[in-house]
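J.: Reading the sequence shown from the start, the letters are residues 1 to 110 in the UniProt record's numbering.
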Amino acid sequence: VATGACVSLAQRLAWLVRDGRVVHGPVPAGFGPPDQATPAGSFHVVWKDREHRSSVYGTDMPNSVFFAAGGIAFHAGPLDAPSHGCVHLTDADSAAFFDGLKVGDAVQVL
């Protein structure tokens, strides 16, 4: 990824890249359990919502950056609790991802 975000499921880390250089992270990240696994693959940022609320789960998803089908996003959430497939980040890191990613930026999840 030259510009966008990278995620390592195995290492439980995420980071931002701009022009081929890491500009934020790697930072700790939380993911979905096996039955609601965070999808691996190559994606692009589709849309963003700073104060999103899930219509499916009725929960707040601050600093949401959506990148995969089914409402999968980076957002603020507890690192020690499983998500429904999203990538949980700390409040500060989710704000950095929200501010650092633009619609169309690449997202690589390995």
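Glycine included, each C-beta is placed from N, C-alpha and C at the ideal position.
1. Between the Cα of L79 and the Cα atoms of V1, L9, G4, T3, which residue gives the shortest distance?
2. With the cut-off set at 8 angstroms, would you say V107 and G4 are in Cβ contact?
3. In this structure, how does DSSP classify S8 when only helix, strand and coil are distinguished?
4. If we count the other Cβ atoms within 10 Å of its Cβ and call it buried at 16 or more, is A2 buried or exposed?
5. Secondary structure at A14, three-state DSSP: helix, strand or coil?
6. In angstroms with no decimal places, state the Cα-to-Cα distance between S83 and R21.
T.: Once the coordinates are examined:
1. Per the Cα distances, L9.
2. yes
3. strand
4. exposed
5. Correct three-state label for A14: strand.
6. 28 angstroms
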